[in-house]
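Visitor: In my numbering, the protein residues as written are 44 to 573.
The C-beta atom is built at its ideal place from N, Cα and C for all residues, glycine as well.
It should be emphasised that the depicted structure is a prediction, and the values quoted were computed from it without experimental measurement.
Input: one structure, supplied below.
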Amino acid sequence: MPSTAAALSGRRPRGSLKAMRHRHFLPALAVLLASCGKDPAQSFAGLTRVSAASPFSAGCIAAGQTGTNYPNAEVEPRLAIDPLDAKHMVGVWQQDRWSNGGANGLGTGVTFDGGLTWTRTFVHYTLCSGGTFQRASDPWVTFAPDGTVHQIGFGFDGTDFKTAMLASRSSDGGLSWSPPVTLFGEDDADTTIDKETITADPHDAQTIYAVWDRLTGVNTPSSPTNTGPAWFTRSTDGGNSWETARIIYDPGQNAQTISNQIVVLPDGTLIDLLVISTNLNDPKNSPDNAAVLRSTDKGMTWSQPVPIALMDEIVVVDPKQTTFDIRSGNIVPDIAVDGSSGALYVVWEDARFSGGTKEGIALSKSIDGGLTWMAPVRVNGVTTAQAFTPAIAVAQGGIVGVSYYDLRNDNPGDNSHLLGTRWLATSRDGGATFQNTALSSTFDIRNAPQTVEQTPSGQRFAYFVGDYEGLVAVGASFLPLFVIANDGDTGNRTDVFARPITSGPKVQVLVAADLAVAPPRVRTGLRRAF
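Structure representation (structure tokens):
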């Protein structure tokens with residue numbers, strides 16, 4: 044997600060960092076490049092490196108922008124799996140992150156062999172990638188049931204107020220992409236759009252849904268008249284054209300939505316997960332509530348919000364220094380549906396399990412189509428370490444997988460580093476209990492790109508690997524896509540990695556080498572000339 048920058052929305056953490064999303068640039072005299080070269084990347088046992096050196100030239104950056112650019116730094120990946128071929132997946136991420144929001148472009152990685160090898164490409168969203176916007180953010184990707192791939196991104200300029208939600212599609216498995224289609228765009232100094240997602244209907248290859256939030260009053264964040272409704276559009280011709288975007292839920296003044304994400308139940312019902320924040324002009328006393336909207340007519344009409352839980356999220360901090368935090372997905376929950384039973388699972392960051400002192404991972408479940416929700420349970424393995432930025436998927440047999448970062452392996456006596464680890468928690472009893480397995484060895488989060496957050500008390504800095512990560516179910520197992528910081532490498536601060544992993548002691552282990560290699564397929568479904 045973007046941070047505080049012109050034409051950009053700053054995030055809304057709880058407590059000391061909580062403020063309505065802003066859209067202004069931080070003062071700076073010139074663009075700073077953190078580094079230019081891409082050094083040999085750090086190696087991690089059992090992981091496949093998905094990203095590589097930036098495909099963009101240093102000269103592609105538009106003049107007049109402020110902030111620090113981090114060439115070769117990838118953050119915020121998302122992953123989708125082909126329903127026709129479990130060896131075929133497409134991941135997306137921010138490429139060349141900026142300190143004050145967005146990136147030079149959005150990268151795409153394609154695998155046809157279950158994650159063993161990846162082909163990299165990109166959609167033409169930005170100037171650096173052959174498009175028109177100066178920056179892009181918040182990539183998301185989805186597969187239609189015929190194998191067509193759709194992705195969405197947020198394009199914006201750093202020197203004016205132009206913003207747009209942009210969608211693209213691929214009929215060759217993600218190797219090439221159509222020119223972006225504008226779903227919604229505007230040029231207004233006092234509004235912004237943010238946190239979009241895209242979902243292909245698994246029952247209808249022609250229907251694709253997109254949702255996001257739109258904020259007003261971003262230049263006056265303490266105004267009680269500010270709004271932030273949820274917006275929606277859909278395509279009924281396979282992504283060739285889109286309906287006029289419209290509001291599907293408005294929480295009213297002094298309130299906003301964020302993190303809208305649609306999943307589709309086996310009976311075709313649409314579920315839109317969202318966060319509803321109220322009392323915005325008092326950031327320290329502004330509750331965030333996870334909720335869902337329901338639609339039984341493919342998005343034509345929507346229910347009122349059904350509450351899931353109050354999100355008792357706090358800021359993830361660097362416990363060994365006072366000037367930096369970790370920017371996490373603390374207002375970005377994730378949702379998954381069991382394709383067999385229709386059970387819904389939602390995960391988010393929450394400090395309730397530590398008495399409000401440390402961020403953890405909470406999960407709630409619905410077995411009646413999102414009409415009622417069970418009390419939250421803890422997912423993360425320990426409560427003594429901060430845990431953050433979860434992703435969720437449901438595998439065959441109803442096995443639930445949740446990936447997340449935590450700091451349990453950090454050495455409190457080492458003030459020079461802050462060591463994080465990515466984990467996979469799995470449940471074979473419908474989310475009641477979890478077993479935790481490490482996905483990565485430790486890495487130094489302090490080498491990640493830095494962001495600048497505008498808070499009620501002024502500017503604050505944070506390390507950033509993404510507001511979300513990726514996780515898909517592959518049979519009875521899971522394949523995660525996540526960012527790791529490369530220790531001490533300022534020319535290549537982060538990379539995107541994938542790792543197939545078992546979901547439990549009685550579940551067959553799935554590794555990339557065990558999958559038969561399939562060549563790229565020629566699509567026999569809908570074809571277009573791009």
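Go ahead and pull the three-state DSSP assignment for I410.
Guide: coil
Visitor: Could I get the ranges of all uninterrupted beta strand (DSSP E) runs contained in the stretch 157 to 224, with 3 residues as the minimum, in chain order?
Guide: 162 to 165, 178 to 186, 192 to 199, 205 to 213
Visitor: Which term fits F286, buried or exposed, when burial requires 16 or more other beta carbons within 10 angstroms of its beta carbon?
Guide: A small fix is needed here, since residue 286 is Glu in this sequence, not Phe. E286 comes out exposed.
Visitor: Just how far apart, CA to CA, sit H67 and D156?
Guide: Its pLDDT being 31, under 50, H67 is placed unreliably by the model, and nothing is read from it.
Visitor: For F87, which residues of its own chain have a beta-carbon under 7 Å away from its beta-carbon, when the five flanking residues on both sides are left out?
Guide: S483, S484, I527, F540
Visitor: Assess contact between the stretch 428 to 437 and the stretch 454 to 462, defined as three or more Cβ pairs (one per stretch) separated by less than 8 Å. Is contact present?
Guide: no
Visitor: Mapping the DSSP letters down to three states, classify A418 as helix, strand or coil.
Guide: coil
Visitor: Give the DSSP-derived three-state secondary structure of N328 in the structure shown.
Guide: helix
Visitor: List the residues that DSSP assigns as beta-bridge partners of Q304.
Guide: L316
Visitor: Between I305 and Y388, is the Cβ-Cβ spacing less than 7 Å?
Guide: no
Visitor: Write down the C-beta distance between G174 and A207 rounded to the nearest angstrom, noting that I regard them as a contact closer than 8 Å.
Guide: The Cβ separation is near 10 Å, so there is no contact.
Visitor: Tell me the rounded alpha-carbon separation between G148 and H167.
Guide: 8 Å
Visitor: Determine the burial state of P223: buried for a count of at least 16 other Cβ atoms within 10 Å of its Cβ, exposed for fewer.
Guide: P223 comes out buried.
Visitor: What whole-angstrom Cβ distance do D139 and F99 have, given they're in contact under 8 Å?
Guide: That belief holds up - the Cβ atoms of D139 and F99 are roughly 6 Å apart, short of 8 Å.
Visitor: Start and end of the beta strand (DSSP E) containing V254?
Guide: V254 -> beta strand (DSSP E) spans 251 to 259.
Visitor: Between I435 and A519, how many whole angstroms is the CB-CB distance? I'm expecting something under 8 Å.
Guide: Their Cβ separation, rounded to whole angstroms, is 16 Å, which puts I435 and A519 out of contact at 8 Å.
Visitor: Just the C-alpha distance for L462 and R421, rounded to the nearest angstrom, thanks.
Guide: 22 Å
Visitor: Nearest-angstrom Cα distance between I454 and T426?
Guide: It should be pointed out that residue 454 corresponds to Asn in this sequence rather than to Ile. Near 16 Å, if we compare the C-alpha coordinates of T426 and N454.
Visitor: Is the beta carbon of T494 closer than 7 Å to that of S142?
Guide: yes
Visitor: CB-CB under 6 Å to P188, same chain, minus the five flanking residues each way: which ones, in chain order?
Guide: P126, P245, A248
Visitor: Tell me which same chain residues have a C-beta within less than 7 Å of the C-beta of T476, skipping the five on either side of it?
Guide: S470
Visitor: Looking only at its own chain, which residues have a Cβ that is under 6 Å from the Cβ of G271, when we skip the five neighbours before and after it?
Guide: D256, L258, Q299, T300
Visitor: Determine the burial state of A352: buried for a count of at least 16 other Cβ atoms within 10 Å of its Cβ, exposed for fewer.
Guide: By the neighbour-count definition (other C-beta atoms within 10 Å, threshold 16), A352 is a buried residue.
Visitor: Helix, strand or coil, according to DSSP, for A394 in the structure here?
Guide: coil
Visitor: Where Q194 and D237 are concerned, what is the direct C-alpha to C-alpha distance, given to the nearest angstrom?
Guide: Straight across, the Cα-Cα distance linking Q194 with D237 is about 15 Å.
Visitor: Should the stretch 334 to 342 be regarded as contacting the stretch 309 to 321, the criterion being three or more beta carbon pairs within less than 8 Å?
Guide: yes
Visitor: Can you name, in chain order, every residue of its own chain whose Cβ lies under 6 Å from the Cβ of L524, other than the five neighbours on each side?
Guide: P120, L122, G134, G513, A541
Visitor: Helix or strand or just coil, what does DSSP make of A516?
Guide: strand
Visitor: Helix, strand or coil: how does DSSP classify K385 here?
Guide: According to the sequence displayed, residue 385 carries Gly and not Lys. G385 falls in the coil class under three-state DSSP.
Visitor: Leaving out the 5 sequence neighbours to the left and right, which residues in its chain are closer than 6 Å to A405 when beta-carbon positions are compared?
Guide: So the list reads W391, D393, P419, once near-sequence residues are dropped.
Visitor: Please confirm whether L209 and G198 have their CB atoms less than 7 Å apart.
Guide: yes
Visitor: List the DSSP bridge partners of E496.
Guide: R503
Visitor: For R140, which three-state DSSP category applies?
Guide: strand
Visitor: Can you give the Cα-Cα distance for T250 and T185, rounded to whole angstroms?
Guide: 12 Å
Visitor: What does the alpha-carbon distance come out to for the pair G282 and G311?
Guide: 19 Å
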